[in-house]
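Residue numbers (the working numbering): 334 to 811. Quick reminder that beta carbons are idealized off the backbone N, C-alpha and C, glycines included.
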Amino acid sequence: MQITSPSFKENSRGALADAQLQKALGNVRAGFIDKRLKAVEALPEFDLLRDNARAIKDHVLAHLDLYLEAYEKKVTESGGHVHWAETAEDARRIVLDICRKANARTVTKGKSMITEEIGLNDFLEAEGIRPVETDLGEYIIQLRGEHPSHIIAPAVHLNKEQVEADFRRVHKHLAEGRDLSEPESLLGEARSVLRSEYFAADVGITGANFLVAETGTSIIVTNEGNGDLTQILPRVHIVMASLEKIVPTLDDASQILRVLARSATGQDMSVYTTLSTGPRRPGDPDGPEEYHVVLLDNGRSSMLGTEFQEMLRCIRCGACMNHCPVYHAVGGHAYGWVYPGPMGAVLTPSLIGVDKAGHLPNASTFCGRCEEVCPMRIPLPKMMRHWREREFERGLNPATQRYGLGLWAFFAKRPRLYRLASSLGIPVLSLLGGGKRRFRYLPLAGGWTKYRDLPAPEGRTFMQQWRDGGASVRARVA
Ligand code: SF4
334 MQITSPSFKE NSRGALADAQ LQKALGNVRA GFIDKRLKAV EALPEFDLLR DNARAIKDHV
394 LAHLDLYLEA YEKKVTESGG HVHWAETAED ARRIVLDICR KANARTVTKG KSMITEEIGL
454 NDFLEAEGIR PVETDLGEYI IQLRGEHPSH IIAPAVHLNK EQVEADFRRV HKHLAEGRDL
514 SEPESLLGEA RSVLRSEYFA ADVGITGANF LVAETGTSII VTNEGNGDLT QILPRVHIVM
574 ASLEKIVPTL DDASQILRVL ARSATGQDMS VYTTLSTGPR RPGDPDGPEE YHVVLLDNGR
634 SSMLGTEFQE MLRCIRCGAC MNHCPVYHAV GGHAYGWVYP GPMGAVLTPS LIGVDKAGHL
694 PNASTFCGRC EEVCPMRIPL PKMMRHWRER EFERGLNPAT QRYGLGLWAF FAKRPRLYRL
754 ASSLGIPVLS LLGGGKRRFR YLPLAGGWTK YRDLPAPEGR TFMQQWRDGG ASVRARVA
């Protein structure tokens, strides 16, 4: 997947001018926010569950090595194999080796952001192995040669007319005059086309929402049941997961599951919660002959012990982006890589570098909604600020911004000078505003004034009013 995060501003301009996309993004607001709110209000202990979920993950992250080893032992005992992948390249090579040994020509895939992260589809195709996405949204975007624009609703940027056009373009073996005007008919067609792919596949690849150290179990939640068919029908099942998906026990997983679906889609639980432990045992009616788990690091272990460690609590529910005004405005593709929205603004610089993804933590109003709704209580705005600091320290942000901040810091460290400069600056700025209380243009603030007016300062400074005992200022602060 080509990384376009450095072009976030250009991507965003394109997204804002795309009328169809803007209409589709309205579905994010309507489809997720109210449902989550209702689900949360119906569960009085929701906040307590969030605290427990955070504590579970913090405990795991403090003892990650021990839980990973315990997990590996249990998987091995149950007849499965654990493969450690330090980089995306390692993970791709491991998957290819398994597929080659299985003589695989077709691979079905349940939804997995990790495989997006390592660019697995393009890689397998280049090696002559056909990957078939089985999650409906993923299937649609695969037909279009696109990437997900949302971590739980990958095709949220599309409307049904676009999907109909894609189905007619690709499913040429079906009757031309068929009715595809309703979502149900589109769903029925995808189901019938995918059914034969499940049986044709030699290998099934799924992600994992949780890996349970106590039992060596991987857990996946879906609403379509595609994960079950992907892992049960092929001869070989590969679970792709990143290191931090570990939880100690099944009980811990069930506690986090209670906040996951409510935060994601407003459901009490997802329709399918599927647990798999090792390959098929004698007497089992179904299941794979081989069971592999690929554990991907890809930069996560270097987040441990840093100010970004808490990001590893993320359970990929998507609530932060569902409530983010920036995501609502530009959608997921503008972020230029796998992870969009506030979680992407923190995770992407951690994984691909702040030099490439520096725009993302800057694309925030800091309204705080993401942290408010995050079921794992991840302090996303705080971590975006940390990334801004790293960017500044490394001299990566524009010179005007750096010199502007340097100038401000010079005055801020000298309170008397600061007060003098602001008391002189206000009348000057008021003059520049032409007495109209608004700037149409202001040097160094063109990014703002190009699209909206900037209020001009009026009257006295805050400090002057405070010193004079301005009751109105105190009342506002209080
Ligand atoms: S950061 Fe929080 S809200 Fe966002 S996807 Fe992760 S767990 Fe969900």
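Checklist entry - Counting along the chain, where does the alpha helix (DSSP H) carrying Leu608 start and finish? => result Counted as a single uninterrupted DSSP element, the stretch harbouring Leu608 is not any alpha helix (DSSP H) but the beta strand (DSSP E) occupying residues Tyr605 to Ser609.
Item to check | Run of the alpha helix (DSSP H) containing Ala745, from where it starts to where it stops | outcome: Annotation: the continuous alpha helix (DSSP H) that includes Ala745 extends over Ala732 to Ala745.
Item to check | Where the alpha helix (DSSP H) through Tyr472 begins and ends | outcome: It spans Leu469 to Arg477 - the alpha helix (DSSP H) in which Tyr472 sits, taken as one unbroken run.
Next on the checklist: Assuming Leu394 and Gln642 are in contact, meaning their beta carbons sit under 8 Å apart, how far apart are those beta carbons, in whole angstroms?
Outcome noted: Right, their Cβ atoms sit about 6 Å apart.
Item to check | Met334, DSSP secondary structure in three states | outcome: When secondary structure is reduced to three states using DSSP, Met334 falls in the coil class, being assigned neither helix nor strand.
Checklist entry - Closest to Leu527 by CA distance: which of Lys368, Arg613, Leu476 and Glu410 is it? => result Nearest option by C-alpha distance: Leu476.
Item to check | Met446: CB within 7 Å of a non-hydrogen atom of ligand 1 | outcome: For ligand 1, not one heavy atom lies less than 7 Å from the Cβ of Met446.
Checklist entry - Can you tell me whether DSSP reads His392 as helix, strand or coil? => result In the three-state DSSP reduction, His392 falls in the helix class (H, G or I).
Item to check | Gln600 versus Lys342, Ala375 and Glu343, residue with shortest Cα-Cα distance | outcome: Taking Gln600 as reference, the option from Lys342, Ala375 and Glu343 with the minimal CA-CA separation is Ala375.
Item to check | Beta-carbon proximity of Trp763 to Glu722, cut-off 8 Å | outcome: With the sequence shown as reference, residue 763 is identified as Ser, and Trp is not the correct amino acid for it. No, the Cβ-Cβ distance between Ser763 and Glu722 is not below 8 Å.
Next on the checklist: Which residue wins for smallest C-alpha separation from Gly461, given the options Leu453, Thr467 and Asp468?
Outcome noted: Looking from the CA of Gly461, the closest CA among Leu453, Thr467 and Asp468 belongs to Leu453.
Checklist entry - Is the beta carbon of Cys700 within less than 7 Å of some heavy atom of ligand 1? => result Every heavy atom of ligand 1 is 7 Å or more from the Cβ of Cys700, so no.
Checklist entry - Is there contact between the segment 628-645 and the segment 417-437, where contact requires at least three CB pairs shorter than 8 Å? => result A contact exists between the segment 628-645 and the segment 417-437.
Checklist entry - Who pairs with Leu787 in a beta bridge, going by DSSP? => result Answer is Phe772, bridged to Leu787.
Item to check | Of the residues Tyr531, Lys578 and Arg568, the one placed nearest Gly558, counting alpha carbons only | outcome: Considering only Tyr531, Lys578 and Arg568, the residue with the shortest C-alpha distance to Gly558 is Tyr531.
Item to check | Uninterrupted beta strand (DSSP E) stretches inside the segment 578-635 (no shorter than 3 residues) | outcome: Here the runs fully enclosed are 605-609 and 623-629.
Checklist entry - For the beta strand (DSSP E) that His414 lies in, which residues bound it at each end? => result Here the beta strand (DSSP E) through His414 covers His414 to Ala418.
Checklist entry - Should Ile648 be listed as close to ligand 1, given that the test is whether its C-beta is under 7 Å from any heavy atom? => result Checking the Cβ of Ile648 against ligand 1 gives yes.
Next on the checklist: Given 7 Å as the limit, tell me if Met716 has its C-beta closer than that to any heavy atom belonging to ligand 1.
Outcome noted: Answer for Met716: no, Cβ out of range of ligand 1.
Checklist entry - Are the beta-carbon atoms belonging to Ser340 and Ile685 less than 8 Å from one another? => result It is not a contact, given that the beta carbons lie outside the stated cut-off.
Checklist entry - How is the alpha helix (DSSP H) around Ser482 delimited, first residue to last? => result Per DSSP, Ser482 belongs to no alpha helix (DSSP H) and is neither H nor E.
Next on the checklist: Using the Cβ count rule (16 or more neighbours within 10 Å means buried), how would you classify Glu405?
Outcome noted: Flag for Glu405 reads buried.
Checklist entry - Roughly how far, in whole angstroms, is the beta-carbon of Ser411 from the beta-carbon of Gly549, given that I think they are within contact range, below 8 Å? => result Between Gly549 and Ser411 the Cβ distance is about 5 Å, and since that is below 8 Å, they are a contact.
Checklist entry - So what's Ile759 in DSSP terms, helix, strand or just coil? => result Judged by DSSP in its simplified three-state form, Ile759 adopts helix.
Item to check | Option nearest Tyr784 by Cα separation, candidates Gln495, Ala574, Arg773 and Val572 | outcome: For Tyr784, the nearest C-alpha among the options comes from Arg773.
Checklist entry - Would you call the CB atoms of Val706 and Pro621 closer than 8 Å? => result Val706 is not a Cβ neighbour of Pro621, given a cutoff of 8 Å.
Item to check | C-alpha distance - Gly669 paired with Lys715, whole-angstrom precision | outcome: If you take the alpha carbons of Gly669 and Lys715, they lie about 22 Å apart.
Checklist entry - CB of Cys707 to nearest heavy atom of ligand 1: below 7 Å? => result Under cutoff, so the answer is yes.
Checklist entry - What number of angstroms, rounded off, separates the C-alpha of Leu520 from the C-alpha of Thr782? => result Looking at the two C-alpha atoms, the distance is approximately 46 Å.
Checklist entry - Would the beta-carbon of Leu713 be found less than 7 Å away from any heavy atom of ligand 1? => result Short note on Leu713: C-beta closer than 7 Å to some heavy atom of ligand 1.
Checklist entry - Quick one: what does DSSP say His692 is sitting in, helix, strand or coil? => result Note: His692 maps to helix in three-state DSSP.
Checklist entry - Does at least one heavy atom of ligand 1 sit under 7 Å from the Cβ of Ser345? => result No - ligand 1 has no heavy atom lying nearer than 7 Å to the Cβ of Ser345.
Checklist entry - Which one or two residues does DSSP pair with Met796 in a beta bridge? => result For Met796, which the question treats as bridged, DSSP gives no partner whatsoever.
Item to check | Exposure label - Tyr584; buried when at least 16 CB within 10 Å | outcome: Here residue 584 turns out to be Asp, not Tyr, going by the sequence shown. Asp584 should be labelled exposed.
Item to check | Inter-residue CB distance, Leu469 and Ala357 (contact presumed, cutoff 8 Å) | outcome: The pair is not a contact, with the Cβ atoms about 16 Å apart (cut-off 8 Å).
Checklist entry - Thinking C-alpha only, which one of Ala372, Pro694, Leu593 and Gly359 is nearest Arg646? => result Nearest C-alpha to Arg646: Leu593.
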